[in-house]
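Taking it in order: structure first as structure tokens, then the write-up.
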Amino acid sequence: MIIAFSVAPAVTATADAEMADAVSAAVRVVRESGLPNETNAMFTLVEGEWDEVMDVVKRATDAVLAVSPRVSLVLKADIRPGHQDQLHQKVAAVESRLSQEEK
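Residue numbers (full-length UniProt numbering): 1 to 103.
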């Protein structure tokens with residue numbers, strides 16, 4: 001499964017610095033998990049089995065809760081048992097179709 005999630009403090013004393021610090025702590029948890037992951041401007045994607053992915057999301061949320069009394073969490077899941085490396089294969093399928101259109 002792939003989880004796309006965004007976790008951020010809902011309350012900070014100084015918005016920009018504390019927001020980046022809190023989000024960095026959450027992303028650090030994801031990267032240290034060893035699961036395939038990607039981070040972009042809006043979401044972090046994590047791929048793995050249900051329990052391990054949800055554990056990472058919880059620990060990332062806890063990292064933000066450590067610096068803010070209130071946290072916002074947005075989560076979207078693609079649950080597709082038996083499939084792996086979908087972080088790359090889904091993008092490759094779209095890129096393949098786009099390159100066929102260019103010919």
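Think of the CB as a built atom: it goes at the ideal place given N, C-alpha and C, for glycine as much as any other residue.
Residue i vs residue j beta-carbon contact at 9 Å
i, j, result
"I79", "E47", "no"
"F5", "K90", "no"
"V94", "F43", "no"
Supposed close pair residue i, residue j - CB separation, criterion 8 Å
i, j, result
"A22", "A41", "So it is not a contact: roughly 16 Å between Cβ atoms."
Neighbourhood of residue i by C-beta, 6 Å cutoff - its chain only, sequence neighbours within 5 removed
i, result
"G64", "Looking at the sequence provided, one finds Val at residue 64 rather than Gly. Excluding positions up to five away in sequence, the list reads V7, P9, A22, A26 and V71."
Coarse secondary structure for residue i, derived from DSSP in three states
i, result
"L35", "coil"
"V29", "helix"
"S99", "helix"
"S24", "helix"
Cβ shell of residue i (< 8 Å), same chain only, five flanking positions each side left out
i, result
"V11", "S68, P69 and R70"
Check: residue i C-beta below 8 Å from any heavy atom of the ligand FAD
i, result
"L98", "In the structure on display, the ligand FAD does not appear, and there are no ligands present to speak of."
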